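This report refers to the structure that appears directly beneath it.
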Amino acid sequence: MNALSNEEVRLRARGAEVVVRPGSGCRLASLRVDGVELLRQGAEYGSFVMAPWCGRTAAGRFRSGGEMYQLPVDETGHAIHGLVRDVPWRTARADERSAAFVRELGDPWPWSGTVNQLVELAEDGGSLTLTLGVETFGDSFPAQVGWHPWFRRNLGLGGEDARLEFDPAWREERDEHHIPTGRRVEPGSGPWDDAFGVPDGLSATLTWPGELELKVASRAEWVVVYDEQDAAVCVEPQSGPPNGLNSHTRLVTPISPLELSTTWSWRRHEPSA
């Protein structure tokens with residue numbers, strides 16, 4: 003049984019182990035399968051939560067209910083990846099295979115509410131399910147949720163780099179600030195730092211030939227793929243596209259929270275005879 007901790011929560015099942023650091027944005031710091039690390043290591047990597055928006059909100063501004071709101075911007079001049087990835091969360095409960103975490107929303111977000119993340123390893127150690135929720139107990143507000151995992155491009159076992167397969171319906175054309183223009187274009191070929199529409203839900207496969215296969219599945223209708231770095235491939239299920247607070251409004255109300263899940267499943271490749 004895991005002790006509740008503000009520093010590190012470890013989940014284990016068969017040959018799989020997950021490390022969550024609630025004090026660092028409820029980030030998944032590690033995902034190991036039979037001793038093989040799948041996530042890029044480092045304080046800003048692993049896999050982090052994006053909420054209450056995903057990607058960039060243009061100039062940090064969005065309109066809701068006739069009011070214009072201003073979010074803090076970074077050096078790009080835009081508000082990026084939400085407000086919860088670098089702040090401490092509270093561990094609500096944890097056992098050997100699952101844990102639940104909570105973070106309150108407030109200033110500089112204009113409304114009060116909570117973000118919740120449930121992390122669950124399957125009993126057979128063959129998959130991990132992450133579930134995000136955003137709730138309000140007062141005024142309704144727009145929101146998005148998503149994950150930004152940094153999967154290692156090479157597992158360091160002497161094999162080839164990862165190959166990504168997915169079949170989006172379209173790619174969002176973006177401007178020089180990486181903000182979607184509203185025009186849908188053919189997916190094209192990578193490398194990418196782009197948002198894609200997957201209206202039937204996300205199904206993506208990362209294959210490290212001869213070593214391991216990992217599937218990322220979600221009912222999310224949007225995914226961002228970022229594979230411009232040599233060290234990692236990011237496959238990011240999202241409830242809406244970048245700048246979605248302006249273009250694809252989803253209201254969180256007291257009777258209609260926002261909830262999204264993703265399941266990562268894997269299998270090791272047997273060595274050739």
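So the number in the numbering used here is just where the residue sits in the sequence shown, counting from 1, plus 2.
Positions of the beta carbon are idealized from the N, C-alpha and C atoms, including for glycine.
If you're wondering where the values come from, they're calculated on a predicted model, not measured in any experiment.
The alpha helix (DSSP H) spanning residue i covers which residue range?
i	result
L247	246-249
With a threshold of 16 other CB atoms inside 10 Å of the CB of residue i, please say whether the residue is buried or exposed.
i	result
F139	exposed
S26	buried
R176	buried
I82	buried
M52	buried
H80	buried
H179	exposed
A222	buried
I181	buried
S129	buried
V89	exposed
T59	buried
T2	Lying before the first or after the last residue shown, residue 2 is absent from the chain, which here runs from 3 to 275.
L208	buried
Q240	buried
S258	exposed
D196	buried
T78	exposed
L159	exposed
Going by DSSP in three states, residue i sits in which element: helix, strand or coil?
i	result
G199	strand
P170	coil
Q240	strand
E213	coil
E10	coil
A233	coil
W194	coil
L159	coil
R165	strand
Where do the N-terminal and C-terminal ends of the beta strand (DSSP E) with residue i fall, by residue?
i	result
G17	Segment: none, G17 is in no beta strand (DSSP E) and carries neither H nor E.
P24	It is not in any beta strand (DSSP E) - P24 carries neither H nor E in the DSSP assignment.
E261	260-270
G184	182-187
L33	29-35
Y228	224-228
Sort out for me which residues DSSP pairs residue i with in a bridge.
i	result
A206	V218
T59	A81
A53	G84
V39	Strictly speaking, residue 39 in this sequence is Glu, with Val absent from that position. E39 pairs with R34.
E69	S66
R176	P182
Inside the region 71-157 only - beta strand (DSSP E) runs reaching at least 3 residues: Runs of beta strand (DSSP E) with 3 or more residues, each lying fully within the region 71-157, are found at 92-96, 100-107, 115-123, 129-137, 148-151, listed in chain order.
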